[in-house]
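J.:
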Amino acid sequence: MRVRVFSDAAHLAEAAAEEIAAWVRLDAPLATMGLAGGTTPRGAYERLRESHLPWRRVHAWMTDERAVPPTHIASNTGMVRRALFDHVPATFHPVPWVEDSAAAAAAYEAELAQFLPLGPRGLQPGLVVLGLGEDGHTASLFTGTAALEETRLGFVANWVPQLEAWRLTATLPLLTAARRTVFLATGKHKAAVVAEVLTGAGDLPAARVSRESRDAVWLLDRDAASRLDA
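Numbering (the working numbering), first residue to last: 1435 to 1664.
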């Protein structure tokens, strides 16, 4: 695991865009990337619009989604489309929107199987970009939810009591099979959980993904990293 710290969120977004661009250039013949929603990743995606990359061999997918239509303001799919895929000729695989979240998750896993290669543990993503919640969740893997215990499926519907809502999410087996995992976190409000995830042996969802990932890098701004030396 590597940790890189940047002066502010803008410089972090530039570095994240560079990480993604480097992956696209090197991962041949097909570059696959699982993407997160959120404000911090959006800055990286917007910067990628100007990159001269072999976009036509990119297949991108969502690591999680809310149970809302893609036109909803809270939709991760909608954000990623507006930030990047409305502007570049990559193949983007959105989470399907249907009222039945379990059916949507099953359909999405079947779609992922059409382009993600098979590795020794099942489907093997290339690059995965993840965020970090103040409660230690990543993707839509929240403490105490059933998705954290899933060992067979790669993408599931997950009821989150804290939110009183369904989420659709990649599971630990799928996320930790990725060949490269990039975590992004910014802001002082994330400093405590960043320190807990990176310096402890805790059981927070983000800590589990980070610990079990094959090649994880954390990109932090100075505020998010402010408790690491405490």
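All C-beta atoms, glycine included, are put in the ideal place defined by N, C-alpha and C.
For the stretch 1526-1540 and the stretch 1562-1576, state whether three or more C-beta atom pairs, one from each stretch, are separated by less than 8 Å.
T.: No: the two stretches stay apart, fewer than three of their Cβ pairs being nearer than 8 Å.
J.: For Arg1642, does the three-state DSSP call read helix, strand or coil?
T.: The answer is helix: DSSP assigns Arg1642 an H, G or I state.
J.: Please determine if the stretch 1653-1662 and the stretch 1595-1611 are in contact, where contact requires at least 3 C-beta pairs separated by less than 8 Å.
T.: Touching, no.
J.: By the three-class DSSP mapping on this structure, what secondary structure does Phe1589 have?
T.: The answer is strand: DSSP assigns Phe1589 an E or B state.
J.: Secondary structure at Leu1464, three-state DSSP: helix, strand or coil?
T.: Three-state result, Leu1464: coil.
J.: Are the beta-carbon atoms belonging to Asn1469 and Val1616 less than 8 Å from one another?
T.: Rather than Asn, the amino acid found at residue 1469 in this sequence is Leu. Contact flag unset, no.
J.: Examine the Cβ distances between the stretch 1496-1508 and the stretch 1451-1467 and report whether three or more of them are shorter than 8 Å.
T.: Because the criterion of three Cβ pairs below 8 Å is not met, the stretch 1496-1508 and the stretch 1451-1467 do not touch.
J.: For Trp1531, write down the residues that DSSP places opposite it in a beta bridge.
T.: DSSP output for Trp1531 lists no bridge partner at all.
J.: Going along the chain, which residues of its own chain have a beta-carbon closer than 6 Å to the beta-carbon of Ala1541, five neighbours each way excluded?
T.: Counting only Cβ-Cβ distances below 6 Å, and skipping sequence neighbours, we find Pro1530.
J.: Just checking my contact of Ala1557 with Ala1547 at CB under 8 Å: how many whole Å lie between their CB atoms?
T.: The sequence shown places Leu at residue 1557, rather than the Ala named in the question. At roughly 6 Å, the Cβ-Cβ gap stays under 8 Å, so Leu1557 and Ala1547 are in contact.
J.: On the criterion of 16 or more Cβ atoms from any shown chain inside 10 Å, does Arg1555 qualify as buried, or is it exposed?
T.: Per the 10 Å Cβ criterion, exposed.
J.: From the DSSP output, read off the bridge partner residues of His1493.
T.: Partner(s): Thr1466 and Thr1525.
J.: Tell me the DSSP bridge mates of Asp1569?
T.: BP columns for Asp1569 are empty, so no partner.
J.: What would DSSP say about Gly1477, mapped onto helix, strand or coil?
T.: Three-state DSSP puts Gly1477 in a helix.
J.: Which value, in whole angstroms, describes the spacing of the CA atoms of Ala1640 and Pro1488?
T.: Each residue's alpha carbon lies about 31 Å from the other.
J.: What's the C-alpha gap between Ala1591 and Ala1537?
T.: Looking at the two C-alpha atoms, the distance is approximately 8 Å.
J.: In this structure, does DSSP put Arg1500 in helix, strand or coil?
T.: Correct three-state label for Arg1500: strand.
J.: Can you list the beta strand (DSSP E) stretches of 3 or more residues lying completely in the stretch 1590-1623, in chain order?
T.: Here the runs fully enclosed are 1599-1604 and 1614-1619.
J.: Would you call Ala1508 buried or exposed, if buried means 16 or more other Cβ atoms sit within 10 Å of its Cβ?
T.: It counts as exposed.
J.: Residues in the same chain with beta-carbon distance under 6 Å from His1571, minus the five sequence neighbours each way, listed in chain order, please.
T.: If we look at His1571 and ignore the five residues flanking it on each side, its Cβ neighbours are Pro1639.
J.: Quick one: give me the first and last residue of the beta strand (DSSP E) that Leu1564 is part of.
T.: From DSSP, the beta strand (DSSP E) with Leu1564 extends over Leu1561 to Leu1564.
J.: What is the DSSP secondary structure of Leu1575, reduced to helix, strand or coil?
T.: If DSSP states are grouped into helix, strand and coil, Leu1575 belongs with the strands.
J.: Might you give, ordered along the chain, the residues of its own chain that have their beta carbon closer than 6 Å to the beta carbon of Ala1625, omitting 5 neighbours on each side?
T.: Correct list, in chain order: Ala1658, Ser1660 and Arg1661.
J.: Tell me which residues share the same chain as Ser1441 and place their Cβ nearer than 8 Å to its Cβ, disregarding the 5 neighbours each side in the sequence.
T.: Closer than 8 Å at the Cβ level, and outside the excluded window around Ser1441, lie Asp1655 and Arg1656.
J.: Arg1459 by DSSP, collapsed to three states: which one?
T.: Of the three classes helix, strand and coil, the one that applies to Arg1459 here is helix, per DSSP.
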